[in-house]
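Each step along the sequence shown adds one to the number in the working numbering, with nothing skipped, and position 288 is 288.
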Amino acid sequence: MKNPDIHRYERRLETHRNVVRNSKILECNKELIFKFEEYGSLIGLSKPRLAKYLEILKLSAEIINKDFSKVKKEDIMNFVKVINERDYSPWTKQAYKVMIKRFYKWLKGNDEKYPEEVSWINTNLKKSELRLPSEGDLLTEKEVSKLIDATTNSRDKAFVSVLYESGCRIGEIGNLKIKNVKVDEYGAVLNVFGKTGARQIRIINSTSYLITWINNHPFKDERDTPLWVGFNGSNEVLSYQMFCKILRDIFKKAKINKRCNPHSFRHARATFLANHLTEFQMNQYFGWVQGSDMPSTYVHLSGREVDNTLLALSGIKSEKEKEKPKLQPKKCPKCDTINSHNARYCCKCAGILDLQVAMELQEQKEKRNVADELMNKLIQDPEVQNLLLQKVSILEKSFIKN
């Protein structure tokens with residue numbers, strides 16, 4: 001079976017090709033754009049990257065409105081000025097600059113060096129431009145737990161839990177196959193494929209949800225099948241739009257009014273783990289290249305250790321130090337199976353996991369035993385026996401009359 005593609009990148013790539021073909025940009029620029037796409041494919045650029053190049057270069061051709069091969073430094077300077085003045089996000093502005101610079105490296109620099117027309121372009125983002133969700137916008141563990149509880153089937157329960165705990169990009173989680181999940185004595189390991197290549201992600205709390213879904217999966221015996229499929233009998237992977245709809249419905253049911261998109265879970269998880277992992281470990285876990293600025297950004301957002309240190313210096317004990325993860329899994333004392341944080345009984349042996357539940361059941365059992373013992377003593381009492389016989393006689397007479 002072909003690899004799942006939740007974003008339908010092949011279709012998107014063809015759409016962008018048609019947009020370029022049917023556009024009013026200069027024919028010579030169309031030809032250069034398609035030649036660059038062909039070259040990009042030869043050197044291994046991904047389909048989403050090629051689609052983005054087609055989109056950006058077509059829009060760049062509209063702004064420059066001049067034969068790409070005859071463009072001067074002044075033309076590029078004017079182009080960058082236009083981009084900077086537009087109401088684009090910092091990421092979009094960066095994409096324009098990176099891609100036009102890369103395009104001219106191929107066109108005039110033999111793909112070895114940047115020509116003078118574009119070598120001056122600064123493609124770095126200022127830290128002040130990096131906009132991540134504020135603390136009030138981030139999903140909390142309590143809210144993730146509410147979302148899990150709001151799901152109505154085993155697939156969605158597993159999806160929400162895995163999406164948060166893994167901290168993966170939606171493309172990494174959405175394109176998983178059943179064979180990419182390996183269950184062991186500690187939980188499960190996901191073999192995901194992302195921007196920086198393949199990596200393994202350990203999940204623990206989500207294991208029981210994931211096992212339940214795989215057992216209910218309509219194609220569970222076909223290991224090469226996508227992990228996330230619909231309930232219509234098709235073995236096609238769900239689309240990105242469908243994943244987003246699933247999340248919107250769950251957010252609405254859980255009455256959580258925060259940004260509802262798959263990446264919100266990654267933001268929340270990265271901020272949470274920034275308090276516990278080193279930057280090297282963060283890069284490994286979240287699939288960032290070593291040396292990336294992303295870990296330090298999330299460390300800043302989480303305020304790692306700063307609050308605790310200041311409170312300790314003031315002689316105040318931090319509440320966060322006492323706080324345990326709300327999604328901490330439960331290990332069965334009988335069979336060592338890992339269960340979800342809110343499980344009351346072991347998913348494997350049905351043993352009781354919650355001490356309070358065990359005490360309540362024991363109390364109920366003792367009450368039943370006392371009640372049974374009292375009933376036995378009552379039945380053995382001669383007066384009670386006579387009373388019962390009289391009552392039975394009365395009921396029999398009433399029954400005969402009717």
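All C-beta atoms in this analysis are idealised placements derived from N, C-alpha and C, irrespective of residue type, glycine included.
Would you say residue i and residue j are within 7 Å of each other, going by their C-beta atoms?
i    : j    : result
V189 : R169 : no
A150 : A268 : no
E165 : N205 : yes
I250 : L139 : no
A405 : L210 : No answer is possible for residue 405: it lies beyond the span of the chain, which begins at 1 and ends at 402.
S154 : N216 : yes
N232 : F219 : no
I76  : E117 : yes
E141 : L327 : yes
I121 : K93  : no
Y345 : H7   : no
N283 : S296 : no
K179 : R223 : yes
I246 : D156 : yes
L45  : P90  : no
Would you please state the rounded distance, in angstroms, between the beta carbons of residue i and residue j? I believe it to be under 8 Å.
i    : j    : result
G167 : R266 : 5 Å
I63  : V82  : 5 Å
S145 : N342 : 7 Å
V237 : G174 : 7 Å
T123 : K97  : 5 Å
K177 : P4   : 7 Å
L163 : P262 : 6 Å
Cutting at 8 Å between CB atoms, please list the residues of its own chain near residue i, excluding the five before and the five after it.
i    : result
L54  : L13, H16, R17, V19, V20, I33 and E37
C349 : C332, K334, C335 and T337
M99  : K52, Y53, I56, L57 and S60
K47  : Y9, E10, R12 and L13
A95  : K52 and I56
T196 : G287, W288 and V289
Y186 : R202, I204 and I338
G194 : C168, R169, G171, E172 and G287
N84  : K93
F243 : I6, F159, I170, G174, W228 and P262
Q281 : none
In its own chain, which residues sit with a C-beta less than 6 Å from the C-beta of residue i, not counting the 5 before and 5 after it?
i    : result
K108 : P115
F68  : N29 and L32
M294 : W288
E143 : I256
C347 : S208 and N339
R49  : none
G40  : L50
W213 : S154, R155 and A158
E279 : P295
Heavy atom of the ligand SAH less than 6 Å from the Cβ of residue i, yes or no?
i    : result
I201 : Only the bare structure without any ligand can be found here, which leaves the ligand SAH out of the picture.
When DSSP labels each residue in this structure, what does residue i get in the three-state scheme?
i    : result
F272 : helix
N339 : strand
L353 : coil
K177 : strand
R266 : helix
Y345 : strand
G40  : helix
E14  : helix
G315 : coil
N191 : strand
K52  : helix
D184 : strand
G287 : coil
K326 : coil
G167 : coil
K331 : strand
Can you list, in chain order, the residues of its chain with a C-beta nearer than 7 Å to that of residue i? Leave out the 5 residues immediately preceding and following it.
i    : result
T340 : The displayed chain sequence assigns Ser, not Thr, to residue 340. Counting only Cβ-Cβ distances below 7 Å, and skipping sequence neighbours, we find N205, S208, Y209 and P329.
D111 : K105
L378 : V384
K322 : In this prediction, K322 scores a pLDDT of 49, lower than 50, which makes its location untrustworthy; the coordinate-derived value is nonetheless stated afterwards. Excluding residues within five positions, none has a Cβ falling inside 7 Å.
A371 : none
S23  : K58
Item to check | Whole alpha helix (DSSP H) elements within the segment 65 to 138, 4-residue minimum | outcome: 73 to 85 and 90 to 108
Checklist entry - Which full runs of the alpha helix (DSSP H) of 4+ residues lie inside the segment 199 to 269, going along the chain? => result Qualifying alpha helix (DSSP H) stretches, in chain order: 207 to 216 and 240 to 254.
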